[in-house]
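**Student:**
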Amino acid sequence: MLGNNPTSLVYPDPIDIETKTQSSVAHFIKKMKKNKGAVVGAMILLFFIITSTFAPFIAPYPVNEMKFEDSLQGPSMAHWLGTDEFGRDIWTRMLYGGRVSLLMGLFAVTLSGTIGVILGVLAGYYRKLDIYIMQFIDILMTFPSLLMAIAIVAVLGVGLTNAMIAVAISVVPSFVRVVRGSVLSIRETEYVEASKAIGVKDWKIICKHILPNVASPIIILATLEFGSSILSAAALSFLGLGAQPPNPEWGALVFVGKSFLSQAWWMTLFPGLAIMLVVLGFNLLGDGLRDALDPRSK
Amino acid sequence: MNQPLLEVKNLKTYFPIKKSLFNKKKHFIKAVDGISFQVNKGETLGIVGESGCGKSTMGRSILRLIEPTEGSIKIEGKEITALSQTDLRKLRKDMQIVFQDPFASLNPKMTIGAILGEALATHQLGQSAKERKEKVKELLSKVGLSPNHIGRYPHEFSGGQRQRIGIARAIAVNPAIIIADEPVSALDVSVQAQILNLFQDLKETLGLTYIFIAHDLSVVKHVSDRIGVMYLGKIVELSDKKQLFRQPLHPYTQALMSAVPSLDPDVKKERIILTGDVPSPSNPPSGCAFHTRCKFGKAVCEQVIPREVEVVPGRFVNCHMYDKDYRADFI
Chain A
801 MLGNNPTSLV
811 YPDPIDIETK
821 TQSSVAHFIK
831 KMKKNKGAVV
841 GAMILLFFII
851 TSTFAPFIAP
861 YPVNEMKFED
871 SLQGPSMAHW
881 LGTDEFGRDI
891 WTRMLYGGRV
901 SLLMGLFAVT
911 LSGTIGVILG
921 VLAGYYRKLD
931 IYIMQFIDIL
941 MTFPSLLMAI
951 AIVAVLGVGL
961 TNAMIAVAIS
971 VVPSFVRVVR
981 GSVLSIRETE
991 YVEASKAIGV
1001 KDWKIICKHI
1011 LPNVASPIII
1021 LATLEFGSSI
1031 LSAAALSFLG
1041 LGAQPPNPEW
1051 GALVFVGKSF
1061 LSQAWWMTLF
1071 PGLAIMLVVL
1081 GFNLLGDGLR
1091 DALDPRSK
Chain B
2 MNQPLLEVKN
12 LKTYFPIKKS
22 LFNKKKHFIK
32 AVDGISFQVN
42 KGETLGIVGE
52 SGCGKSTMGR
62 SILRLIEPTE
72 GSIKIEGKEI
82 TALSQTDLRK
92 LRKDMQIVFQ
102 DPFASLNPKM
112 TIGAILGEAL
122 ATHQLGQSAK
132 ERKEKVKELL
142 SKVGLSPNHI
152 GRYPHEFSGG
162 QRQRIGIARA
172 IAVNPAIIIA
182 DEPVSALDVS
192 VQAQILNLFQ
202 DLKETLGLTY
212 IFIAHDLSVV
222 KHVSDRIGVM
232 YLGKIVELSD
242 KKQLFRQPLH
252 PYTQALMSAV
262 PSLDPDVKKE
272 RIILTGDVPS
282 PSNPPSGCAF
292 HTRCKFGKAV
302 CEQVIPREVE
312 VVPGRFVNCH
322 MYDKDYRADF
332 I
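Protein chains in written order, with this note's numbering: chain A, 801 to 1098; chain B, 2 to 332.
1) Give a yes or no on whether 8 Å exceeds the smallest Cβ distance from A/E990 to chain B.
2) Closer than 8 Å by C-beta to A/A963: which residues in its own chain qualify, once you throw out the five before and the five after it? Chain order, please.
3) Short of 6 Å in beta carbon distance, which residues of its chain neighbour B/P69, apart from the five on each side in sequence? Order them along the chain.
4) So which of B/V237, B/S259 and B/F297 has the shortest CA-CA distance to B/V268?
5) In chain order, what residues of the same chain have a beta carbon less than 7 Å from the beta carbon of B/K19, not counting five sequence neighbours either side?
6) Run through DSSP, which three-state label would B/L7 get?
7) Whose CA, out of A/Y925, A/V971 and A/I965, lies closest to the CA of A/D938?
8) Three-state secondary structure (DSSP) at A/Y861?
9) Any idea what DSSP makes of A/P1012, helix, strand or coil?
10) Secondary structure at B/M231, three-state DSSP: helix, strand or coil?
11) State the Cα-Cα distance for the pair B/M231 and B/N319, rounded to the nearest angstrom.
12) Assuming contact is defined by CB atoms lying nearer than 8 Å, are B/L64 and B/M96 in contact in what I supplied?
13) At 8 Å on the CB atoms, spell out the chain E contacts of A/N1047, in chain order.
14) Does B/M96 come out as helix, strand or coil in the three-state DSSP assignment?
15) Closest Cβ-Cβ distance between A/P806 and chain B: below 8 Å?
16) Do B/K136 and B/G127 have their C-beta atoms within less than 8 Å of each other?
17) Could you pull the start and end residues of the beta strand (DSSP E) that B/R316 belongs to?
18) Within the continuous beta strand (DSSP E) that includes B/H321, where are the two ends?
19) Under the three-state reduction of DSSP, which class applies to B/Q39: helix, strand or coil?
20) Go to B/A181, then tell me how far its beta strand (DSSP E) extends in each direction, as first and last residue.
21) Could you work out which residues of chain A lie near B/E100, taking near to mean beta carbons separated by less than 7 Å?
22) Taking C-beta to C-beta, are B/S219 and B/V261 nearer than 8 Å?
23) So, at 8 Å on beta carbons, what are the nonlocal neighbours of A/Y991 in its own chain, with the 5 sequence-adjacent residues on each side left out?
24) With respect to the alpha helix (DSSP H) encompassing A/A951, which residues constitute its N-terminal and C-terminal limits?
25) Please compile the residues from chain A whose C-beta is within a distance smaller than 8 Å of the C-beta of B/A120.
26) Mind listing the chain B neighbours of A/N1013? Cutoff is C-beta to C-beta under 8 Å, in chain order.
27) Counting beta carbon pairs with one atom in the region 181-192 of chain B and one in the region 85-103 of chain B, are three or more of them shorter than 8 Å?
28) Find the residues of chain B that neighbour A/H1009, judging by a C-beta separation of less than 7 Å, and give them in chain order.
29) Once you ignore the five residues that flank A/Q873 on each side, which residues in its own chain have a CB closer than 8 Å to its CB?
30) DSSP state of A/S808, grouped into three classes?
31) Quick one: what's B/A215 bridged to in DSSP?
32) Report the residue from A/L1077, A/G898 and A/S982 whose alpha carbon sits nearest the alpha carbon of A/H858.
33) Determine which residues of the region 161-178 of chain B have a Cβ less than 7 Å from any Cβ of chain A, and write them out in chain order.
34) Mind checking B/C302: buried by the 16 CB within 10 Å criterion, or exposed?
35) Find the residues of chain A that neighbour B/Q97, judging by a C-beta separation of less than 8 Å, and give them in chain order.
36) Which bits of chain A does B/L66 rub up against, with CB to CB less than 9 Å?
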């Protein structure tokens, strides 16, 4: 038996110094670097983000200036990716269009993520609300997301903002489901129970215990949905429901280009490629994040 | 007689199971089925029983982490079953819990300082963040950890060290009673002894009262003053530790005791082997729940639920063998 003084039980600790742990951020970056797909994805995205951000400095021509003598020219030294029917430089328009497309994705993911996390946490944590929220979400999920986005635009009216809202709403269900599932498993853990036993208020338990532990699936999903939101937004524009010409949004560029498909293939190919590359970049990055944030792979 | 610190009367916790969409007749799992006991200040009540007998559910029901279906729980004479969540929150610092699994009971994303600080901040113990940090360091040394560990994360600790953190969290709010839910069963035997000694030391220095839940008789024997034996949601025998180990009365207790290995190889003990499994708590046997496995079972056991009999003062048994009305059936 040891003595009555609890301090006599002090564990010998070989590194008994006040330390901060090797930051999990450093560990995370190390893991991400090992994943080739994630690095490629990140580089693709970085390229598009930088070029769109600095579009006014990079663009060789004014974005909306028409020059009819240059109309429908193929790729050349003067116009790298060719020109459209009004003689506008495709490369320039794509640089500016990237701004619209990426912002649409960002807006859609932020809006749907916020709504999705709130609803998911409510459904997962307050079990009495669960059935109502999930029934509603299940109804939303019965519609294919693009079809629903079209329906919402039909109600709200055609336009860029409405298209963004429509895309955001169509993505909400997947956020709710993922968040709810994660919250359900975290709320049953003993550390949440311990906080309840201490008397911590519900909202503090949600903010301090539940949200930090469901953060990684949310981040992964947000990355993947970023790509598909851009795709949906482009699809809406392509259908003439989103960004309207002369807005150089990528989907709108493809939409305009399809009328000239037989004469000017470059008008559709390059914006289409840009959409494809960005979606690919987000998917690669999302998969990499999933591996890097998975606690089991540590 | 002075007032007991904790008084539990006829506590029941039933979990509903839905049969089907159209059959609305409700069935229940009777996890805790009418438990009554008292715990006096400064004593340790041990609770033993097989897994699935409702020990943990009972512990959580007393804290209202699981809402009890029926019954009364009084802590220092104050009834807590009727309190609203807001009022209950204030009372929570009087009663704490230490969990079984030290790996699941600490938030992996929070430092030790944040975990313990949360308990202090919730009950306004310590005015400033700085003061609370000092208190956390004090707590860490109380449970035998270095105050320098304050900035570390749970995954940097061993199972025993984590359990010490769990204990520190429980004592942070100066509780009157701690429910220890199998606090050592997930640990190595060598570490178990250290943690048990820590419990004993803290009890003496802080004047704590414990309800100590375990399935290991030797652990319970080491820490308890009184012991309650649970079977299928009921306490079948509640007795002083010495008396219980000298002369177990309930047939189930006798079977449990006979399974404890003896240190002396020459001592020949009669082993009572229980046949069959614990019956399902959703469909417990009629009469005495233990009659299906009891070697003394008589017809009366299948029909009548045994009463609580006080054999000697402070010693309770739920068995017809000790009930004067049915005594004759067993002779």
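Note that the Cβ used here is the ideal one computed from N, Cα and C, for glycine as well.
**Tutor:** Working from what's here:
1) Look at A/E990: its C-beta is under 8 Å from a C-beta on chain B.
2) The residues are M904, A949, V953, A1033, L1036, S1037, L1041, G1042 and A1043.
3) Only L12, T14 and S62 meet the Cβ criterion.
4) Distances from the alpha-carbon of B/V268 to those of B/V237, B/S259 and B/F297 put B/S259 closest.
5) Closer than 7 Å at the Cβ level, and outside the excluded window around B/K19, lies no residue.
6) DSSP places B/L7 in strand when its eight states are reduced to three.
7) The shortest C-alpha separation from A/D938 is found at A/V971.
8) The three-state secondary structure of A/Y861, taken from DSSP, is coil.
9) Per DSSP, reduced to three states, the secondary structure at A/P1012 is helical.
10) Under the three-state reduction of DSSP output, B/M231 falls in the strand class.
11) The alpha-carbon of B/M231 is positioned some 11 Å away from that of B/N319.
12) Closer than 8 Å, so yes.
13) Annotation note: the requested chain E is absent from the structure, which comprises protein chains A and B.
14) Reduced to three states, the DSSP call for B/M96 is strand.
15) Annotation note: pLDDT 47 at A/P806 (below 50); position unreliable, coordinate value reported separately. Judged by the 8 Å Cβ criterion, A/P806 is in contact with chain B.
16) Yes, these two residues count as a Cβ contact at 8 Å.
17) For B/R316, the enclosing beta strand (DSSP E) has its first and last residue at R316 to V318.
18) For B/H321, there is no enclosing beta strand (DSSP E), as DSSP gives it neither H nor E.
19) It is a strand residue.
20) Segment I178 to D182, the beta strand (DSSP E) holding B/A181.
21) Note that residue 100 of chain B corresponds to Phe in the displayed sequence, not to Glu. E990 and A994, listed in chain order.
22) Yes. Within cutoff.
23) Same-chain partners within the cutoff: H1009.
24) Note, A/A951: alpha helix (DSSP H), S945 to L956.
25) Chain A residues near B/A120: I998.
26) The CB of A/N1013 comes closer than 8 Å to the CB of N108, P109 and K110 in chain B, given here in chain order.
27) When C-beta atoms of the region 85-103 of chain B are compared with those of the region 181-192 of chain B, three or more pairs fall below 8 Å, so the two segments count as touching.
28) Identification of chain B residues near A/H1009 by a Cβ-Cβ cut-off of 7 Å yields N108, ordered along the chain.
29) H879, G882, T883 and G887, listed in sequence order.
30) Note that A/S808 scores a pLDDT of 46, beneath 50, so its modelled location is shaky and nothing firm can be said.
31) In the DSSP assignment, B/A215 is bridged to B/V49.
32) Inspection of the sequence shows that residue 858 of chain A is occupied by Ile rather than by His. Ranking the options by Cα distance to A/I858, first place goes to A/G898.
33) Residues Q162, R170 and V174.
34) Answer is buried; the Cβ neighbour count reaches 16.
35) When 8 Å is used as the limit between beta carbons, B/Q97 is near these residues of chain A: A997 and I998, in chain order.
36) Within chain A, the residues near B/L66 are E993, K996 and A997.
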